[in-house]
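Colleague: Residue numbering for the sequence shown follows our numbering, beginning at 2 and increasing consecutively.
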Amino acid sequence: VNTAGLGLVPPGVEIGGGRARVGDAIILSGSIGDHGIAVLSQREGLEFEAPVASDVAPLNELVAAMLAASANVRVLRDPTRGGLATSLNEIAQQSGVGIQIDEPRIPVKDGVWAACEMLGFDPLYVANEGKLVAIVGPEDADRVLAVMRETRYGEEAALIGEVVAEPEGKVLMKTAIGGTRIVHMLVGEMLPRIC
2 VNTAGLGLVP
12 PGVEIGGGRA
22 RVGDAIILSG
32 SIGDHGIAVL
42 SQREGLEFEA
52 PVASDVAPLN
62 ELVAAMLAAS
72 ANVRVLRDPT
82 RGGLATSLNE
92 IAQQSGVGIQ
102 IDEPRIPVKD
112 GVWAACEMLG
122 FDPLYVANEG
132 KLVAIVGPED
142 ADRVLAVMRE
152 TRYGEEAALI
162 GEVVAEPEGK
172 VLMKTAIGGT
182 RIVHMLVGEM
192 LPRIC
């Protein structure tokens, strides 16, 4: 199956990975890992107590609403292969900033958590197909988050962290137990490859 997307970027809109600034908010449009675990479970015939469905979704209306709400949406990324962790590392490196995320704020569905624990995966690295991560100026973060939550594919949107000065080019995560760990970019291919 092949797909293609066509569209126009409105004049003045720049959402490339090198535009994050210290103090910016990091917003995730919804739960992570759904697609990767759904595809893997179907391919391998795995069944979980809580069903897991792919998050494949068109994001054009969500993005249009975000851009209409704020001129300070600086970066948009789809956390596909390599997951959220890889997308955030790419942004940190391209922008020359650090990124600090808060693990308890990152939405992960129970079924995805259970599957990841059973299979030895970290949901931060599992592919997504219908989610986006946005870097937004702090003055507009609440407004953009509210607008996202009013859309079909942004109802679970969450503020998960902020852009910091250091460590430059790195992602740090405050863990659920109160520690801090480095979140590295995915090295090599995620196994099993799902897309």
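Heads up, the beta-carbon is just placed ideally off N, CA and C, and yes, glycines get one too. Quantities reported herein were computed from a predicted structural model and do not represent experimental measurements.
Looking only at C-alpha atoms, which of Ile100, Tyr154 and Ala21 sits nearest to Pro59?
Modeller: As a working mapping, residue 59 is identified with position 58 in the sequence shown. Ranking Ile100, Tyr154 and Ala21 by Cα distance to Pro59 puts Tyr154 first.
Colleague: Would you call His36 buried or exposed, if buried means 16 or more other Cβ atoms sit within 10 Å of its Cβ?
Modeller: Position 35 of the sequence shown, counted from the first residue, corresponds to residue 36. So His36 counts as buried.
Colleague: Does the stretch 41-59 come close enough to the stretch 174-181 to have 3 or more Cβ pairs within less than 8 Å?
Modeller: no
Colleague: Which stretch, first to last residue, makes up the alpha helix (DSSP H) that contains Gly99?
Modeller: Within the sequence shown, numbered from 1, the residue matching residue 99 stands at position 98. Residue range Gly99 to Asp103 is occupied by the beta strand (DSSP E) that includes Gly99, with no alpha helix (DSSP H) assigned at that position.
Colleague: What three-state label does DSSP hand Ile33 in the structure shown?
Modeller: For the purposes of this step, residue 33 is taken as the residue at position 32 of the sequence shown. Correct three-state label for Ile33: coil.
Colleague: Exposed or buried, what is Thr87 when buried is set at 16 or more other beta-carbons lying within 10 Å of its beta-carbon?
Modeller: Here residue 87 refers to the residue found at position 86 of the sequence shown. When all chains shown are included, Thr87 counts as buried.
Colleague: Where Glu48 and Arg106 are concerned, what is the direct C-alpha to C-alpha distance, given to the nearest angstrom?
Modeller: Your numbering for residue 48 matches position 47 in the sequence shown. Your numbering for residue 106 matches position 105 in the sequence shown. When rounded, the separation of the alpha-carbon atoms in Glu48 and Arg106 is 27 Å.
Colleague: Nearest to Leu125 by CA position, among Leu146, Val137 and Asp103, is which residue?
Modeller: As a first step, residue 125 must be located in the sequence shown, where it is residue number 124. Checked all of Leu146, Val137 and Asp103; the closest Cα to Leu125 is Asp103.
Colleague: Looking at Gly24: is its Cβ nearer than 9 Å to the Cβ of Glu167?
Modeller: Reading the sequence shown from its first residue, position 23 is the one you call residue 24. Reading the sequence shown from its first residue, position 166 is the one you call residue 167. Not a contact, by the Cβ cut-off of 9 Å.
Colleague: Bridge partners for Thr181 per DSSP, in chain order?
Modeller: Numbered from 1 along the sequence shown, position 180 holds the residue referred to as residue 181. Beta bridge pairing from DSSP links Thr181 with Lys175.
Colleague: Could you work out which residue in Ala65, Ala93, Asn3 and Leu29 is closest to Pro11 when comparing CA atoms only?
Modeller: Within the sequence shown, residue 11 is the residue found at index 10, counting from 1. Comparing Cα-Cα distances from Pro11 to each of Ala65, Ala93, Asn3 and Leu29, the minimum goes to Ala65.
Colleague: Identify, in the order they occur along the chain, each residue of the same chain with its Cβ nearer than 8 Å to the Cβ of Gly99, setting aside the five sequence neighbours on each side.
Modeller: Numbered from its first residue, the sequence shown carries residue 99 at position 98. Closer than 8 Å at Cβ, skipping near neighbours: Ala93, Val164, Val165, Ala166, Glu167, Pro168, Glu169, Gly170, Lys171, Val172 and Leu173.
Colleague: Is DSSP giving Arg78 helix, strand or coil here?
Modeller: Locating residue 78 in the sequence shown gives position 77, counting from the first residue. It is a strand residue.
Colleague: Leaving aside the five residues before and after Ala72 along the sequence, list all residues of the same chain whose C-beta is less than 7 Å from its C-beta, in chain order.
Modeller: The residue you call residue 72 lines up with position 71 of the sequence shown. The beta carbon of Ala72 sits closer than 7 Å to none of the beta carbons in its chain outside the five residues before and after it.
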